[in-house]
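The listed protein sequences correspond, in order, to chains A and B. Numbering-wise (our numbering), the first sequence opens with residue 1 and increments by one. Numbering-wise (our numbering), the second sequence opens with residue 161 and increments by one. Worksheet: the structure to be examined is printed underneath.
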Amino acid sequence: MKDLILQKLTAFAPESVRGHEDFHGDLTVIVRKEDIARVGQFLKTDPDLTFDMVIDVLGVDMYRPDDRFEVVYILYSLRNRAYLRLKVRVDEQDLTVPSVTGVWPGANWPERETFDMFGLKFTGHPDLRRLYMPEEFEYYPLRKDFPTMGIPDSLPLPRR
Amino acid sequence: MAVRTTDDVTRKSRILTALEDQDTAVVFDDPLENDMVLNMGPQHPATHGVLRLLIRLDGETVVAAVPELGYLHRGYEKIAEASTYHEFIPHTDRLDYLSPISNNVAYVLAIEKLAGIEIPERAAYIRVLVCEMARIASHLVAVGSMAMDVGALTVLLWTFREREKILDIYDVLCGARFTTSFARIGGLQQDWTPQCTAMLRRFLEEFDGDLAEVENLLKTNRIFIDRCENVGTISRENLIGLGITGPILRASGVPRDLRRDIPYLVYDKLDFEVITLTESDSLARFYVRIGEMKQSARILRQALGMLPGGPFHADDPKHVLPRKERTYTRMEELIHDFMLINIGIDPPVGEIYSAVESSKGELGFYIVSDGTGHPWRMKIRSPSANNLSALPLLLKGAMISDIVAIIGSIDPVMGEADK
Numbered sequence: 001m002k003d004l005i006l007q008k009l010t011a012f013a014p015e016s017v018r019g020h021e022d023f024h025g026d027l028t029v030i031v032r033k034e035d036i037a038r039v040g041q042f043l044k045t046d047p048d049l050t051f052d053m054v055i056d057v058l059g060v061d062m063y064r065p066d067d068r069f070e071v072v073y074i075l076y077s078l079r080n081r082a083y084l085r086l087k088v089r090v091d092e093q094d095l096t097v098p099s100v101t102g103v104w105p106g107a108n109w110p111e112r113e114t115f116d117m118f119g120l121k122f123t124g125h126p127d128l129r130r131l132y133m134p135e136e137f138e139y140y141p142l143r144k145d146f147p148t149m150g151i152p153d154s155l156p157l158p159r160r
Numbered sequence: 161m162a163v164r165t166t167d168d169v170t171r172k173s174r175i176l177t178a179l180e181d182q183d184t185a186v187v188f189d190d191p192l193e194n195d196m197v198l199n200m201g202p203q204h205p206a207t208h209g210v211l212r213l214l215i216r217l218d219g220e221t222v223v224a225a226v227p228e229l230g231y232l233h234r235g236y237e238k239i240a241e242a243s244t245y246h247e248f249i250p251h252t253d254r255l256d257y258l259s260p261i262s263n264n265v266a267y268v269l270a271i272e273k274l275a276g277i278e279i280p281e282r283a284a285y286i287r288v289l290v291c292e293m294a295r296i297a298s299h300l301v302a303v304g305s306m307a308m309d310v311g312a313l314t315v316l317l318w319t320f321r322e323r324e325k326i327l328d329i330y331d332v333l334c335g336a337r338f339t340t341s342f343a344r345i346g347g348l349q350q351d352w353t354p355q356c357t358a359m360l361r362r363f364l365e366e367f368d369g370d371l372a373e374v375e376n377l378l379k380t381n382r383i384f385i386d387r388c389e390n391v392g393t394i395s396r397e398n399l400i401g402l403g404i405t406g407p408i409l410r411a412s413g414v415p416r417d418l419r420r421d422i423p424y425l426v427y428d429k430l431d432f433e434v435i436t437l438t439e440s441d442s443l444a445r446f447y448v449r450i451g452e453m454k455q456s457a458r459i460l461r462q463a464l465g466m467l468p469g470g471p472f473h474a475d476d477p478k479h480v481l482p483r484k485e486r487t488y489t490r491m492e493e494l495i496h497d498f499m500l501i502n503i504g505i506d507p508p509v510g511e512i513y514s515a516v517e518s519s520k521g522e523l524g525f526y527i528v529s530d531g532t533g534h535p536w537r538m539k540i541r542s543p544s545a546n547n548l549s550a551l552p553l554l555l556k557g558a559m560i561s562d563i564v565a566i567i568g569s570i571d572p573v574m575g576e577a578d579k
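Written out as structure tokens, the structure is:
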């Protein structure tokens with residue numbers, strides 16, 4: 001299955017696939033950021049692969065000079081009963097990522113959560129609002145430079 | 161129209177003029193031509209916690225609905241980055257607080273996959289036992305509270321009576337009824353005892369009859385069926401596209417169950433059916449949960465019979481916490497305990513995703529390890545949040561009284577949805 005995925009993906013878009021990782025039996029394909037929706041559409045519609053469910057979309061702050069953020073897409077194929085992870089790298093200078101809500105509508109809320117927690121802007125998302133934090137919150141709490149204790153007075157509390 | 165007497169006018173001047181003078185008075189020419197925005201929650205008994213819904217109504221029909229989350233957001237993913245892998249186990253209790261013990265197991269399974277720890281067979285069987293007990297306990301609340309939402313209070317009392325018996329077994333097993341923190345990396349906190357076996361056997365003997373009693377309250381109950389049948393219908397394609405898992409997906413005819421599809425623990429050795437129905441309405445979700453409870457009881461009977469002897473945690477001192485009585489009496493165990501608590505288990509650098517089929521759906525943990533004792537990033541894939549994302553589609557076109565029946569059939573737990 002893994003060989004088939006890699007073979008099909010490199011045949012479909014050799015310039016989009018930036019590499020892959022295989023750790024403890026989980027396959028992760030690293031995809032160029034601009035092509036994520038196109039690659040997703042291919043993985044969903046290809047008759048042999050049929051990754052028809054998006055289980056989760058999540059961000060990771062790697063806290064490094066280049067390509068600081070990663071966005072990971074966890075996909076599942078009902079027919080093949082297999083998982084696949086896609087990963088795109090996002091530089092701090094350009095925080096936009098193409099949205100995959102057009103491919104999998106289920107990416108809507110996970111992308112909102114990633115925007116909420118990391119400030120990554122998903123272009124083409126129908127309703128990019130914060131999911132958990134209040135609307136007026138100014139920070140992105142899961143970034144590594146946000147302190148675990150929080151920032152005093154960043155959330156308005158009712159006065160006594 | 162009757163002629164007004166002076167008395168009437170004076171009475172009106174006392175009560176109504178005060179109201180009519182308010183500048184908040186609104187006059188509708190035709191109330192049915194106006195949309196009305198209704199705010200439901202976050203403090204509402206039918207939202208199962210602190211879910212807030214903004215609903216736009218046309219008469220009694222829902223035109224649009226926007227769920228609003230975050231009222232129980234405690235930042236567990238941030239807390240996880242600041243605590244060691246062991247320290248986070250008690251926090252997993254607070255995710256899906258109706259089946260805390262299966263969250264513990266889901267979490268430690270992810271760590272064990274990351275660190276490459278093999279657990280002994282007895283530990284795997286005990287985990288299956290507690291997970292299936294948790295599934296029954298959670299589905300009992302789901303069934304009971306859904307029935308309560310549509311007006312049948314008795315069912316909730318009867319299902320809680322059954323749930324108490326399971327919580328009593330937890331009490332004997334690990335000393336806690338609710339926030340269990342039972343699983344440990346590489347094993348369990350306590351061994352399964354013969355007393356637990358006896359209690360579970362007694363529970364299983366009575367359970368089929370007791371569940372049939374609950375079912376009989378509802379299956380010929382005209383009010384319940386009228387309020388749930390063909391309510392909250394959604395197509396299979398929409399559910400798959402939205403990434404919905406668990407009983408909601410299975411009630412639309414998709415037989416996705418990770419216990420069978422990607423077996424973990426010892427589920428591949430156990431014989432059970434994946435319950436599916438095709439109606440995809442609130443009533444079908446109710447019957448899927450009833451069927452799953454029967455299957456869980458079946459799994460419990462098999463697992464009790466197959467429960468092997470042997471150790472209940474792995475012999476791996478660099479990863480598994482030593483038993484407390486040995487920590488206090490032996491030097492080597494004391495050193496290991498100190499290192500594991502203060503520094504952590506140091507899994508290899510890499511990232512994994514591990515998921516189990518919890519009572520609500522797919523509960524997954526995505527962990528990025530940088531080789532230290534703390535996770536660099538931990539993402540909790542909570543089934544409740546994903547299932548709630550179907551609410552706008554489910555509620556569109558429904559009647560206002562159906563909202564509670566639909567939310568009840570989703571069975572969200574906000575502790576898990578808000579993390």
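Yeah, the Cβ is synthetic: ideal placement off N, Cα and C, and Gly gets one too. Remember, it's a predicted structure, so these values are computed and weren't measured experimentally.
For the C-beta of A/G106, the chain B residues within less than 8 Å are, from N- to C-terminus, G401, L402, G403, I404, N546, S549.
The Cβ atoms of B/E576 and B/S542 sit closer than 8 Å to each other. At a Cβ-Cβ threshold of 8 Å, B/A225 and B/K556 count as neighbours.
Contact between B/T340 and B/N264 is confirmed by a C-beta separation of about 6 Å, below the 8 Å threshold. Listed along chain A are T148, each with a C-beta nearer than 7 Å to that of B/A242. Less than 8 Å divides the Cβ of B/P407 from the Cβ of B/V448.
Its chain contains S262, V265 as the residues whose beta carbon lies nearer than 6 Å to that of B/C291, once the 5 sequence neighbours on both sides are disregarded; these appear in chain order. In the structure shown, B/I345 falls within a coil segment according to DSSP collapsed to helix, strand and coil.
The Cβ neighbour count for A/T101, taken over all protein chains shown within 10 Å, is at least 16; the residue is labelled buried. When CB distances to chain B are screened at a threshold of 7 Å, the residues of the region 129 to 155 of chain A falling below it are L131, Y132, M133, P141, L142, T148, in chain order. Taking a cut-off of 8 Å on C-beta distances, the region 522 to 529 of chain B touches the region 48 to 65 of chain A, as three or more cross pairs fall below it. Inter-segment contact for the region 244 to 257 of chain B and the region 433 to 440 of chain B is absent: fewer than three beta-carbon pairs are separated by less than 8 Å. A/K87: member of the beta strand (DSSP E) spanning 82 to 90, first to last residue. Boundaries of the beta strand (DSSP E) around B/A515: 510 to 517. In the structure shown, A/M149 falls within a coil segment according to DSSP collapsed to helix, strand and coil. Per DSSP, reduced to three states, the secondary structure at B/I277 is coil, with no helix or strand assignment. Beta-bridge pairing by DSSP links A/V54 to A/L75. If the five residues before and after A/T28 are omitted, its C-beta is found closer than 6 Å to the C-beta atoms of E21, R85, K87, all from its own chain and listed in chain order. Proximity of B/I215 to chain A, defined by a Cβ-Cβ separation below 8 Å, is not satisfied. Looking only at B/R234, B/Q462, B/L402, the smallest Cα-Cα distance to B/K429 is reached by B/Q462. In the DSSP assignment, the residues bridged to A/G59 are A/V71.
Apart from sequence neighbours up to five positions away, the residues of its chain that approach A/F146 with a beta-carbon distance below 6 Å are Y139, ordered along the chain. The three-state secondary structure of B/S549, taken from DSSP, is coil. In the displayed model, B/N264 falls within a helix according to three-state DSSP. By alpha-carbon distance to B/T319, the top candidate from B/V310, B/M306, B/I326, B/L300 is B/L300. Scanning its chain for C-beta atoms nearer than 8 Å, with the 5 sequence neighbours on each side dropped, one finds around B/L551 the residues L213, A225, P227, I566, I567, I570, in chain order. According to the DSSP assignment, A/H20 belongs to the beta strand (DSSP E) that extends over 17 to 23. Taking 8 Å as the cut-off, the beta carbon of B/G304 is found no closer than this to the beta carbon of B/I383. Under the 8 Å criterion on CB atoms, A/M1 is classed as non-interfacial with respect to chain B. With contacts defined as CB atoms closer than 8 Å, B/V332 and B/L378 fail to qualify as a contacting pair. Within 9 Å of the CB of A/Y83, the CB atoms of chain B belong to I422, Y513, A515, in sequence order along the chain. Within chain B, the residues whose beta carbon sits less than 8 Å from that of A/F23 are G510, E511, I512, listed in sequence order.
In terms of CA proximity to B/H208, B/A302 leads the group B/A302, B/L500, B/M196.
Here the alpha carbons of B/M491 and A/Y73 stand approximately 46 Å from one another. B/F498 counts as exposed, since fewer than 16 other beta carbons sit within 10 angstroms of its beta carbon. For a Cβ distance threshold of 9 Å, nothing in chain A lies close to B/D328: the least Cβ distance comes to about 35 Å.
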